[in-house]
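Asker: For reference, the structure I am asking about is given below.
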Amino acid sequence: MTIIIALLMATLMPLGFLYAIKAIDFYQTGNLKFIAISGVWGVIAYLLAAQINPALISNGFASRDMVLRYIGPIIEEVLKGIILIVLIRRTEFKYFLDGAIYGFTIGIGFAIFENFEYVLGHSSVAIELAISRVLSTNLIHATGSALIGIALGLARFDRSRLSRALYLIGGLVLAITIHSGFNNMVNDRVALLFAVIAGFTGAGAIALAARRGFKDEESWVHEKITDTEGVTRGEAEVVQRLDDVNQLLAPLAERFGVEKASQCEKFLFVQAQLAIQTKMMDKLQDENMRRALEKQMKDTRKQMDVVRRQVGSYAMLYLRNIFPDNDPTIMNLMKSRIEASAAVNKDKVGTGIWDLNDRLKINQLKRSFLFQGLSDKALDAIAQMVREHKLVEDDVLVRRGETGDSIFMINTGWFKVVTEDANGGELIINKTGPGEIIGEMALLDEAPRSATVIALAPAKVFELKKDAFQEILDQRPDVALALINGISSRLRFSTTYIQKAIDWSQKIAAGDYSFIEYTQQQNSKDAESDADKADQLLSAFFQMVESVKAREDDLKQRLEKLELKIDESRRKQEFEELTGTDFYANLKAQAKKMREQRIANQDEE
Amino acid sequence: MNQGKIVSIHSFRGGTGKSNTTANLAAQAALAGKRVGMVDTDIQSPGIHVLFGLDENKMGNTLNDFLHGKCTIGEVALNIGEHAADSEGRVQLKGKDIWLLPSSIRGREISQIIREGYDVNRLNEGFQTIIKELNLDYLFIDTHPGLNEETLLSIAISDILIIILRPDNQDFQGTAVTVDIARSLDVPNLILMANKAVPKYDFDDIKKKIEDTFNAQVAGVLPLSFDLADNASGDLFSLRFPDHEWSKALRGVADAILEIK
Numbered sequence: 001m002t003i004i005i006a007l008l009m010a011t012l013m014p015l016g017f018l019y020a021i022k023a024i025d026f027y028q029t030g031n032l033k034f035i036a037i038s039g040v041w042g043v044i045a046y047l048l049a050a051q052i053n054p055a056l057i058s059n060g061f062a063s064r065d066m067v068l069r070y071i072g073p074i075i076e077e078v079l080k081g082i083i084l085i086v087l088i089r090r091t092e093f094k095y096f097l098d099g100a101i102y103g104f105t106i107g108i109g110f111a112i113f114e115n116f117e118y119v120l121g122h123s124s125v126a127i128e129l130a131i132s133r134v135l136s137t138n139l140i141h142a143t144g145s146a147l148i149g150i151a152l153g154l155a156r157f158d159r160s161r162l163s164r165a166l167y168l169i170g171g172l173v174l175a176i177t178i179h180s181g182f183n184n185m186v187n188d189r190v191a192l193l194f195a196v197i198a199g200f201t202g203a204g205a206i207a208l209a210a211r212r213g214f215k216d217e218e219s220w221v222h223e224k225i226t227d228t229e230g231v232t233r234g235e236a237e238v239v240q241r242l243d244d245v246n247q248l249l250a251p252l253a254e255r256f257g258v259e260k261a262s263q264c265e266k267f268l269f270v271q272a273q274l275a276i277q278t279k280m281m282d283k284l285q286d287e288n289m290r291r292a293l294e295k296q297m298k299d300t301r302k303q304m305d306v307v308r309r310q311v312g313s314y315a316m317l318y319l320r321n322i323f324p325d326n327d328p329t330i331m332n333l334m335k336s337r338i339e340a341s342a343a344v345n346k347d348k349v350g351t352g353i354w355d356l357n358d359r360l361k362i363n364q365l366k367r368s369f370l371f372q373g374l375s376d377k378a379l380d381a382i383a384q385m386v387r388e389h390k391l392v393e394d395d396v397l398v399r400r401g402e403t404g405d406s407i408f409m410i411n412t413g414w415f416k417v418v419t420e421d422a423n424g425g426e427l428i429i430n431k432t433g434p435g436e437i438i439g440e441m442a443l444l445d446e447a448p449r450s451a452t453v454i455a456l457a458p459a460k461v462f463e464l465k466k467d468a469f470q471e472i473l474d475q476r477p478d479v480a481l482a483l484i485n486g487i488s489s490r491l492r493f494s495t496t497y498i499q500k501a502i503d504w505s506q507k508i509a510a511g512d513y514s515f516i517e518y519t520q521q522q523n524s525k526d527a528e529s530d531a532d533k534a535d536q537l538l539s540a541f542f543q544m545v546e547s548v549k550a551r552e553d554d555l556k557q558r559l560e561k562l563e564l565k566i567d568e569s570r571r572k573q574e575f576e577e578l579t580g581t582d583f584y585a586n587l588k589a590q591a592k593k594m595r596e597q598r599i600a601n602q603d604e605e
Numbered sequence: 606m607n608q609g610k611i612v613s614i615h616s617f618r619g620g621t622g623k624s625n626t627t628a629n630l631a632a633q634a635a636l637a638g639k640r641v642g643m644v645d646t647d648i649q650s651p652g653i654h655v656l657f658g659l660d661e662n663k664m665g666n667t668l669n670d671f672l673h674g675k676c677t678i679g680e681v682a683l684n685i686g687e688h689a690a691d692s693e694g695r696v697q698l699k700g701k702d703i704w705l706l707p708s709s710i711r712g713r714e715i716s717q718i719i720r721e722g723y724d725v726n727r728l729n730e731g732f733q734t735i736i737k738e739l740n741l742d743y744l745f746i747d748t749h750p751g752l753n754e755e756t757l758l759s760i761a762i763s764d765i766l767i768i769i770l771r772p773d774n775q776d777f778q779g780t781a782v783t784v785d786i787a788r789s790l791d792v793p794n795l796i797l798m799a800n801k802a803v804p805k806y807d808f809d810d811i812k813k814k815i816e817d818t819f820n821a822q823v824a825g826v827l828p829l830s831f832d833l834a835d836n837a838s839g840d841l842f843s844l845r846f847p848d849h850e851w852s853k854a855l856r857g858v859a860d861a862i863l864e865i866k
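Keeping their order, the protein sequence lines are chains A and B.
Taking the working numbering, the leading residue of the first sequence gets 1, the next gets one more, and so forth.
Taking the working numbering, the leading residue of the second sequence gets 606, the next gets one more, and so forth.
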């Protein structure tokens, strides 16, 4: 019975260490198949060593002491390391974190079977032996091969064969040294406590190294996730905060169920792995390895698509919007809750403030031409995604030239759509109000915002992020169609607007300003048709023409002002100075004489 | 038969386009079949030769030589129709009776005449002589801006005085004094010409305002033109670009001169 207990302890405790080390592999880059291979190889290495070591002694090649202290560690570490040299070529072996885990597994596999040999061979002290071995020798075995694994993992990204070989040799020498040092210490019969300390020190160092490897990977994920193919912005944001994944997904689990949440989790981890693979592609030098990685990335993407489908679009929308750009402040939250409950109380009794708030949003969303045709269920999902903003007069909703990643639906209030004229003045090109959509153009063509939109009075809008919007467009052709209709009616308005602008410009060119008065009359009426609306909007522009005309008239007046500036006293003074000289008197007399003479000459002829 | 007329072109300030106007007016007169001479009396900063493509080597004797008694006035006159009808605009002057009496562009000779001065009476005699020798209908005198002794002389002996002004305050003030002087010296014909008028103004209005202010005929309001500036004084603009607004207005001024009996 004690034997069985001892054997169980000798097996399960090392596996416990392995589990602890494996937990460091947060992104699960380590491959379970490879871990199994490593474990099995550890056993094989043990079996080989168990043949070789005694043979060396029995052949008289070396003394038992010699084998125990030096030759044994060399043979055992080399044997254990062989499989790592094979595994390192594979894409499943990503970084030294994986190397540490695979190596650790080999050591543990080796150690468990070695434990069996010792426990079975010393049945009287089986349990004590099992415990002391597990805490010391087993950890040293695991440490040794983990070191080799780490060295190989580090060598992976090195270009030159020589330095890769040096990494391997370095790791091997280190492993052998530690192993041999430990064996020497044990052989010299130091207290068990020191052996245990040595074992834990080794394993602790490996755990720290593995942790370091994880930190590197984490930074790669953060670096690469935003430009990893197939990962949307909202998703990337969630992946970047995977460290508290359970907390992240708690609300999702509540709404969509635990199974959905775990699918989401898997989805996020696949994305993180894809990000790590993307980074690896940057780092890997070896062409063969790069090709293999490329293939694996393809598989990862496929896997991601599979999981994405499992998660489904509405849960996915929710997932992507776990982190809105600006988290609402407590005050806003309070206010909207109070408002929602106040609004709802007027209607029927609800089940809870939040549900009713959603209900309210659904009703408001329905007012937009975009969402009119959607079912309540679909609207419910959209209502989860939109955020409400409140604006006061003169608040800028979108600014011309900025890149936008949201569309807005006006809930209440009116906005002016403005652009700049050549002098930097504000030029109103449209006005828009409840139910209208703003900013969809920038999302579709990815060009900067085409105009600035400013609140004319206090207003409320719903904001919908690009990801969510595009997901809806993907899922709902009727929404896409409504969008096209909306854009086409806007285009028709633009055509009317341009036509008017051309007509009136031609009138101005012909010097006919009479229509300006007419447009000002129009301005006071309610616009009914596109043409009326264009009249109104353009009237502001053509009022500028009037001021231009006034300026032109003013310029024409300037000459008159110049003329007035002749200084008559200066004129007189200068004239007197010039004519007051003898030279001038003489000149004048000569000139007179000359002219008289010429007239006389002419008369003669 | 009428004796040749002396046409002085004057402006109170530099930069009014005086040399350019003189050369183009003279060329227009020559094109109209008149016998025409041009004298560059802007001895301190001669410029008209450029419009006829002349440089130091192509010029023979200069007005400076005449004033220092080194040659006769007749030896100064260079026949443009013969020697300088070598550009797209000037080629139209081939065979026409048009002469230029240039000032020296040699720095040493310019500084000498500024230092020593010259006898304005000799200049006057030279004018009379060349009119007779070449049997000129018109002698155009490109004067130095401002009102110094030789300018006063050329105003005094003019049959026609053309005062160029830009429509701005400073030119108005200076032009007013020049007009007074011309009247005091009994110049028989006084013509005003506005040049470099900014096109945004109403030209008819400018004309009227100048006429009202100076009580004199305004023969033309010529626009400020980048095309003209771009020509960089390399050719006779009114010959090369006869359809340009500036050229049309200049011909108006030339007509006003030719109309005077």
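Yeah, the Cβ is synthetic: ideal placement off N, Cα and C, and Gly gets one too.
Do you know offhand how far I428/A's Cα is from I472/A's?
Answerer: Looking up residue 428/A in the first sequence gives position 428. Looking up residue 472/A in the first sequence gives position 472. Answer to the nearest angstrom: the Cα atoms are 31 Å apart.
Asker: For chain A, find out if any of its Cβ atoms is closer than 8 Å to the Cβ of V782/B; answer yes or no.
Answerer: Counted from its first residue, the second sequence places residue 782/B at position 177. By this cut-off, V782/B is an interface position.
Asker: Out of V826/B, S852/B and A824/B, point me to the one whose CA is closest to E832/B's CA.
Answerer: Indexing the second sequence from 1 puts residue 832/B at position 227. Looking at the sequence shown, residue 832/B is not Glu but Asp. When only C-alpha atoms are compared, the closest one is S852/B.
Asker: Assign T626/B to buried or exposed, taking buried as 16 or more other Cβ atoms, counted over all protein chains shown, within 10 Å of its Cβ.
Answerer: Within the second sequence, residue 626/B is the residue found at index 21, counting from 1. Burial call: buried.
Asker: Please report the straight-line C-alpha distance between I765/B and A510/A, rounded to a whole angstrom.
Answerer: Translated into the one-based positions of the second sequence, residue 765/B becomes position 160. Translated into the one-based positions of the first sequence, residue 510/A becomes position 510. Going by the C-alpha atoms only, they are around 42 Å apart.
Asker: Taking E463/A as the reference, which of I438/A, A451/A and A442/A has the closest Cα?
Answerer: As a position in the first sequence, residue 463/A is number 463, starting the count at 1. Selected option, being the one with the closest Cα: I438/A.
Asker: Return the first residue and the last residue of the beta strand (DSSP E) that N430/A is part of.
Answerer: For this step, residue 430/A is matched to residue 430 along the first sequence. Where N430/A is concerned, the enclosing beta strand (DSSP E) stretches over E426 to T432.
Asker: Which first and last residues belong to the beta strand (DSSP E) in which W704/B is found?
Answerer: Translated into positions along the second sequence, residue 704/B becomes position 99. Residues I703 to L706.
Asker: I'd like the list of long-range same chain contacts for L18/A, defined as Cβ closer than 7 Å, with 5 residues on each side in sequence excluded.
Answerer: Here the question's residue 18/A lines up with position 18 in the first sequence. The answer, listed in chain order, is F104, T105 and I108.
Asker: Compare the C-alpha of L370/A against each of N138/A, R476/A and A272/A and name the closest.
Answerer: Numbered from 1 along the first sequence, position 370 holds the residue referred to as residue 370/A. Per the Cα distances, R476/A.
Asker: Buried or exposed: Q273/A, going by 16 or more other Cβ atoms within 10 Å of its Cβ?
Answerer: By 1-based counting over the first sequence, the position of residue 273/A is 273. That one is buried.
Asker: According to the neighbour-count rule (16 or more other Cβ atoms, all chains shown, within 10 Å of its Cβ), is K346/A buried or exposed?
Answerer: Sequence index remark: in the first sequence, residue 346/A carries index 346 (1-based). In this prediction, K346/A scores a pLDDT of 42, lower than 50, which makes its location untrustworthy; no coordinate-derived value is stated.
Asker: Going by C-alpha to C-alpha distance, which of R156/A, I71/A, A62/A and I498/A sits closest to I85/A?
Answerer: Residue mapping note: residue 85/A aligns to position 85 of the first sequence, counting from 1. Among R156/A, I71/A, A62/A and I498/A, the Cα nearest to that of I85/A belongs to R156/A.
Asker: Counting along the chain, where does the beta strand (DSSP E) carrying L397/A start and finish?
Answerer: Within the first sequence, numbered from 1, the residue matching residue 397/A stands at position 397. L397/A -> beta strand (DSSP E) spans V396 to V398.
Asker: Are there 16 or more other CB atoms within 10 angstroms of the CB of L538/A, so buried, or fewer, so exposed?
Answerer: For the purposes of this step, residue 538/A is taken as residue 538 along the first sequence, with counting starting at 1. Answer is buried; the Cβ neighbour count reaches 16.
Asker: In terms of residue numbering, what span does the alpha helix (DSSP H) encompassing R788/B cover?
Answerer: For this step, residue 788/B is matched to residue 183 along the second sequence. Looking at the DSSP string, the run of the alpha helix (DSSP H) that includes R788/B is N774 to S789.
Asker: Within 10 angstroms of its Cβ, does A689/B collect 16 or more other Cβ (buried), or is it exposed?
Answerer: The residue you call residue 689/B lines up with position 84 of the second sequence. Buried, because 16 or more other Cβ atoms sit within 10 Å of the Cβ of A689/B.
Asker: Please state the DSSP three-state secondary structure of S219/A.
Answerer: Taking the first sequence and counting its residues from 1, one reaches residue 219/A at position 219. It is helical.
Asker: Pick from E693/B, D747/B and E755/B: whose alpha carbon is nearest that of Y723/B?
Answerer: Working through the second sequence from its first residue, we reach residue 723/B at position 118. Considering only alpha carbons, the answer is E755/B.
Asker: Do we get a CB-CB distance below 8 Å when we pair Q608/B with the residues of chain A?
Answerer: Within the second sequence, the letter at position 3 stands for residue 608/B. By this cut-off, Q608/B is an interface position.
Asker: Between the alpha carbons of R337/A and R290/A, how many angstroms are there, rounded?
Answerer: On the first sequence, residue 337/A is found 337 positions in, with the first residue counted as 1. On the first sequence, residue 290/A is found 290 positions in, with the first residue counted as 1. Confidence is the limiting factor: at R337/A the pLDDT is only 41, short of 50, which leaves the residue's position unreliable, though a coordinate-based value still follows. Whole-angstrom Cα-Cα distance: 54 Å.
Asker: How is Q597/A classed by DSSP in three states: helix, strand or coil?
Answerer: Position 597 of the first sequence, counted from the first residue, corresponds to residue 597/A. Three-state result, Q597/A: helix.
Asker: What residue range is occupied by the uninterrupted alpha helix (DSSP H) comprising M798/B?
Answerer: Numbered from its first residue, the second sequence carries residue 798/B at position 193. That residue, M798/B, is in no alpha helix (DSSP H); its beta strand (DSSP E) goes N794 to A802.
Asker: Which residue comes first and which comes last in the alpha helix (DSSP H) that contains E576/A?
Answerer: As a working mapping, residue 576/A is identified with position 576 in the first sequence. Start and end: E568 to T579.
Asker: Kindly indicate which residue of I225/A, K22/A, E229/A and I178/A has the alpha-carbon position closest to the one of E237/A.
Answerer: What you label residue 237/A is simply residue 237 of the first sequence in a count that begins at 1. Among I225/A, K22/A, E229/A and I178/A, the Cα nearest to that of E237/A is on I225/A.
Asker: Leaving out five residues on either side along the sequence, give the residues of the same chain with a beta carbon under 8 Å from the beta carbon of L147/A.
Answerer: Here residue 147/A corresponds to residue number 147 of the first sequence, with the count starting at 1. If we look at L147/A and ignore the five residues flanking it on each side, its Cβ neighbours are G103, G171, L174, A175, I178 and I206.
Asker: Just to confirm the assignment, what range does the beta strand (DSSP E) spanning Q822/B have?
Answerer: For the purposes of this step, residue 822/B is taken as residue 217 along the second sequence, with counting starting at 1. That run of the beta strand (DSSP E) goes Q822 to P828.
Asker: Would DSSP call A455/A helix, strand or coil?
Answerer: Walking along the first sequence from the start, residue 455/A turns up at place 455. Note: A455/A maps to strand in three-state DSSP.
Asker: Between D474/A and D305/A, what straight-line distance do the alpha-carbon atoms span, to the nearest angstrom?
Answerer: Here residue 474/A refers to the residue found at position 474 of the first sequence. Here residue 305/A refers to the residue found at position 305 of the first sequence. Distance between the alpha carbons of D474/A and D305/A is about 15 Å.
Asker: Can you find a C-beta in chain B that's less than 8 Å from the C-beta of Y513/A?
Answerer: Numbered from 1 along the first sequence, position 513 holds the residue referred to as residue 513/A. No, because no Cβ of chain B sits closer than 8 Å to the Cβ of Y513/A.
Asker: What span of residues does the alpha helix (DSSP H) with D467/A cover, start to end?
Answerer: Taking the first residue of the first sequence as 1, we reach residue 467/A at position 467. Taken as a continuous stretch (DSSP letters only), the alpha helix (DSSP H) holding D467/A covers K466 to Q475.
Asker: Just to make sure I have the definition right: I need the residues of chain A whose C-beta is within less than 7 Å of the C-beta of E754/B. Which are they?
Answerer: Within the second sequence, numbered from 1, the residue matching residue 754/B stands at position 149. The answer, in chain order, is F583.
Asker: Do you know offhand how far H222/A's Cα is from Q240/A's?
Answerer: The residue given as residue 222/A occupies position 222 in the first sequence. The residue given as residue 240/A occupies position 240 in the first sequence. So the alpha carbons of these two residues sit roughly 6 Å apart.
Asker: Note down, in chain order, every chain A residue with its Cβ under 7 Å from the Cβ of S852/B.
Answerer: Residue numbering aside, residue 852/B sits at position 247 when the second sequence is read from its first letter. The premise fails here: S852/B is roughly 24 Å from chain A at the closest Cβ pair, so nothing lies under 7 Å.
Asker: Can you have a look at H654/B and say buried or exposed, based on whether 16 or more other CB atoms are within 10 angstroms of its CB?
Answerer: Position 49 of the second sequence, counted from the start, is the residue given in the question as residue 654/B. Under this definition H654/B is a buried residue.
Asker: Whole beta strand (DSSP E) runs in the region 677-753 of chain B with 3 or more residues, listed along the chain?
Answerer: DSSP runs (the beta strand (DSSP E)) wholly in the region 677-753 of chain B: 703-706 and 743-747.
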